Amino acid sequence: MGRYLSAISSVFLLLIEIAQICLSAKSTVPCIERERQALLKFKASLQDPTNRLSSWKGIHCCRWEGIGCDNVTGHVVKLDLSNSCTIRQMTDELGCDVGENSLKAPNINPSLSQLEYLTYLDLSNNDFQFSPIPMFIGSMQQLTYLALSSANLGGRIPKNFGNLTNLHLLDLSLNYDDTDSTLYTADIDWISKLRSLETLNMTMVVFRKANNLFKVLNILPSLLHISLSFCGLDNSLIPHSAFQNLTSLVYLDLSWNSLHSPISDAFRNLTYLETLELSRNNITSIPSWFNNFKKLSFLDLSSNVLHGAIPDAFKNMSSLVRLDLVGNSINSVPSWFGNLKLVRLDLSRNDLDGPIPEAFRNMTSIESLTLDGNRFTSVPSWFTELKTLVYLDLSSNKLTPIKCSLSSILINMCHLKSLSFSDNKLRGEPIGSYELSACIRYDLETLDLSHNDFSDRLPTWLGRLENLEDLYLESNFFYGSIPLSLGKLSNLRRMSLSNNKLEGPLSNDIGQLVNLTYLDLSFNNFHGELPRGLGELVNLQVFDLSNNSFNGSISQVLGQLVNLEKLDLSRNKLHGSIPDYFSQLVKLRELDLSSNNLDGTISLGKNLSSSMLQLSEFDLSNNQLSGPLPKNIGYMMPRLINLHLENNLINGSIPNSLCQNKLFTLDLSKNRFSGEIPNCWRDHKNWDKINLSFNRLSGSFPSSFESLSSLLWLHLNSNNLQGELPTSLSFLKQLLILDLGENQFSGSIPSSWTTNTFPSLHILRLRQNMLSGSIPSQLCQLTSLKILDLSCNNLSGSIPWCIGNLRGMIRDKSNTELTTPAMPPTSASFGWYTEDVKQIMKGTEFDYVKILKLVVNLDLSENNLDGSIPNGITSLTGLIGLNLTNNNLNGEIPTMIGNMKSLESLDMSHNHLSGTIPNSISALTTLSHLNLSHNNLSGPIPKDKQFSTLDDPSIYAENPYLCGSPLPNKCLGDELHPGAGNEDDNDSKDKVEKIWFFFIIAVGFATGFWGVIAVLLLKKSFRFAYFKWVDEKADDIYVAMVIKMARLKKLMPMKNRIRG
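FYI, the numbering for the sequence shown is 26 to 1085, going by our numbering.
So, in structure tokens, the structure goes:
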């Protein structure tokens, strides 16, 4: 019996083992050859930069990566080539790049149509270059799972997708392009045929006809999950019956649309809903019937327009565990709010202030609390009672050490894993003399105290946080050296101590932090040589030591950091050559060695060739590197985006291979490059900047530049370029700066340079060439211009009368902003802070960099221009500088020049201007530099307002008919009125004296008049005597007049006889 039982048990165990083998192993049934060939054709159509399909070889296709077969028939039933690196992962994880890991192809190869038994197809997160979804997919009727998310597919969704009646999941999300190539559907009736559908994700799909969208969805009773985010939906598309038959729906995402209050009551029917995402809409209020969502566990209303208190509609949501109200205008928390069983709450970026609300005290289940971006001023003592709290973010508030006991939180909140108090007003030592509790020593994983006012040495207790993974202390005032106790943090992965006052040499003990992937010590005062201990940090991916005072050569130990993706040693005092061992850093993407004292040559064949393959950012600027660039530099850096080699001693020609890269920025300025500029540039839609200025380049303007349609900044100034300016640059629509100054260009300025050629041009600089002819009036159409510099040429003729049409130089009367059209939505906004242009202002050459965007200047000096200055020039009210010196201009200075209120520098010297100096110049209160010398001006120099500060005689010198202070020659009449220099004061005194004179006369008259009247009224004898005297005087006057008249009558006949 025992033997029998033993045999049975052995057989049973054998069967179990066989079953496990069958379940665990891939199918051993031979692969269908026709399907294997189809898969190989599909592979051949793909670019596989990371070799993801390396297993696709041999006859057993069912064992290939991403392939699943039916264990009985051997047919391929599953094809999963989704990119394991998603967009979300790329933002969270170093080393994860969707583009790098993507399979690429111009389309989905039709060979997949041979996989007739396919039930599962996932091509998500790859790149099919916005080709249309092929029609044959609509014929694969066995499919139950179809995911084409983020696959760069475009065009119209095929109608025959309605044939896929077995589909349980359809995901076409995130195939968006800002052109006509984006994925869209014009007819959604095909969706109504997918009766088995449970999950539908159409995020970012354009619905061109969506009026009946929810009517169609209502026909699908099996739907459980709907995602229609970023689909342009509004309230009008959601009728009252929208969800009438979708009562089983558990997930609904309508975020990033245009929904507004009142929210449609169609949502009332969704009583089984567990997740509702309505973020990024225009919702201002929440209806009371939200209480119907008894099963709702996650509600996202972030980035809406909610204001006031948290809505009462949430009061009875007993199942709610996660609530997201980020980015609203909520300013109070009701007392009942603490009764919710919330596990995760995000109230960041609202209008909450004062102490943290008392209502939070009752949140006995809360694990994650995010309150950043409010105006909280204090953390109450009861806060440490939240014993379940694991994640706490109080960054970007107004917390101070007096009203926030950070020590108490660190000591008493035992379960905290992440704590962020960044960007507050905390100072002193973070924990004082307290000892850390044992519990937080073992639990805390993330500590962020950055951007505060801590001003002590780094605390030694940090070394006791044994499980700490992330430590952020940047932008404080910590000083001294890094404590040795930090070397005990063996689990530390990310540490940032940048922008403090730390100093001294870096200790070898830094090498004990062997798990570090991110280390930022930039913007401190560290010095000495790089320690050997750095070589132990083999897991480092980002390493930043920039803006310190490290010296010596670049340490050889850095060659051991084989996982480095970013290395920044810029702005130190390192010297020597670029080391050979950089070739071991094959994962390097960003390398910045700028602003050191490095010398030697750049030799890719010897020291950098291997590491260049992944490099996208390469900066060796501001060193002393010399010699020519390798001819193959462009080919050795196929992924290069930004190349900065400016301000070195590099010579030789510019390699043609640089034309082939998909560069954003190429800066080779301030070197010794010679020869012609390569004429092989091609447009790849990414060009941002080309700067070849301050070299020794010769030849003509490369015609291939004309095709760089995305170019923003082009600097070719200070070379030896010659020939005529190109007439056809019609593709440079985005160009903001064109600097061709200090060359030998000749001929005339092309009349074709109009707003059609340069609609966005802000700066045109042609200074110091050999240009001739007149200034074309077509330049007046460049209405975005803020700097026009045509100085030091041989231009002749008059200044165009239309010069006042340059709207970019006009300041709006209603405000202080220039009327320049808006910039294109590119990296231009940041670029203005890095671009530099030289301008003559106030008689001195300035190199404008960070404030370049604010400079408005018109410089036509050093030419042969004649005629009068057009009155229209005074319309350029935004001009800061106007320079017309050294021409042959005549006529008078425009009288309305006082309208140019922004002028700080005005130079009209060395012309033939005549007439008087307009008094309106005195209204230019910002004018600090004026030069009117060497003209034929006449009359007195005005003395009002601003002229009192412009008292240098050289301003008015060599105008023989000009007079008055500060010139020595007096104006006519000055001798008769000494002290003319104090004319304003004298005028003022005269006015006061006149007022007193007339006042005294009036008082005297009134006193005499009323004195006589009073006497006559009060003294009767005086009154009789007065009137008697008046009568006598009247009789005397009458008699005298009669005698006079009689004499005149006798004389009149005598005169008539004499005349006769």
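We put the CB at the ideal spot given by N, CA and C, even for glycine. A quick note: this is a predicted structure, and the numbers were derived from the prediction, not measured.
Sequence-distant residues of its chain with Cβ nearer than 8 Å to residue i (five each side left out)
i: residue 952; result: 928, 929, 930, 931, 946, 971 and 975
i: residue 152; result: 124, 127, 128, 129, 130, 176 and 177
i: residue 557; result: 533, 536, 580 and 582
i: residue 387; result: 363 and 364
i: residue 822; result: 798, 799, 800, 890, 891 and 892
i: residue 765; result: 726, 741, 742, 746, 750, 790, 791 and 794
Contact set for residue i: own chain, Cβ-Cβ below 7 Å, skip 5 residues either direction
i: residue 155; result: 177, 178, 179, 202 and 206
i: residue 944; result: 967 and 969
i: residue 67; result: 134, 136 and 137
Buried versus exposed, by CB contacts within 10 Å (16 or more), residue i
i: residue 707; result: exposed
i: residue 502; result: exposed
i: residue 84; result: exposed
i: residue 814; result: buried
i: residue 163; result: buried
i: residue 355; result: buried
i: residue 160; result: exposed
i: residue 837; result: exposed
i: residue 1011; result: With a pLDDT of 45 at residue 1011, under the threshold of 50, the modelled position of that residue is not reliable, and no figure is offered here.
i: residue 832; result: buried
i: residue 499; result: buried
i: residue 782; result: buried
i: residue 705; result: exposed
i: residue 290; result: exposed
i: residue 868; result: exposed
i: residue 834; result: buried
i: residue 662; result: buried
i: residue 614; result: buried
i: residue 622; result: exposed
i: residue 819; result: exposed
i: residue 332; result: exposed
i: residue 864; result: buried
i: residue 795; result: exposed
i: residue 566; result: buried
i: residue 778; result: buried
i: residue 539; result: exposed
i: residue 374; result: buried
One or two residues paired with residue i in a DSSP bridge
i: residue 866; result: 869
i: residue 504; result: 482 and 526
i: residue 94; result: 101
i: residue 988; result: 965
i: residue 402; result: The partner list for residue 402 (beta bridge, DSSP) is empty, contrary to what the question assumes.
i: residue 795; result: 771
i: residue 395; result: 371 and 418
i: residue 642; result: 615 and 667
i: residue 323; result: 300 and 347
i: residue 180; result: 208
Sequence-distant residues of its chain with Cβ nearer than 6 Å to residue i (five each side left out)
i: residue 61; result: 86
i: residue 304; result: 280, 325, 327 and 328
i: residue 652; result: 626
i: residue 690; result: 667, 713 and 714
i: residue 412; result: none
i: residue 378; result: 400
i: residue 189; result: 168
i: residue 874; result: 861
i: residue 251; result: 225 and 277
Minimum length 4: unbroken alpha helix (DSSP H) runs contained in the segment 650 to 704: Listed in chain order, the complete alpha helix (DSSP H) runs (minimum 4 residues) inside the segment 650 to 704 are 658 to 661.
Segment contact, 8 Å Cβ cut-off, at least three pairs: the segment 879 to 886 with the segment 730 to 745: no
Length-filtered (3 minimum) beta strand (DSSP E) runs lying within the segment 735 to 771: 738 to 740, 745 to 749 and 762 to 764
Continuous alpha helix (DSSP H) assignments of at least 4 residues falling wholly in the segment 339 to 383: Correct list: empty.
Segments of 3+ residues assigned as beta strand (DSSP E) that fall wholly inside the segment 546 to 617: 550 to 553, 567 to 569, 574 to 577, 591 to 593, 598 to 601 and 615 to 617
Cβ pair count under 8 Å reaching 3, the segment 543 to 554 against the segment 519 to 530: yes
Every unbroken alpha helix (DSSP H) inside the segment 908 to 968 [4 residues or more]: none
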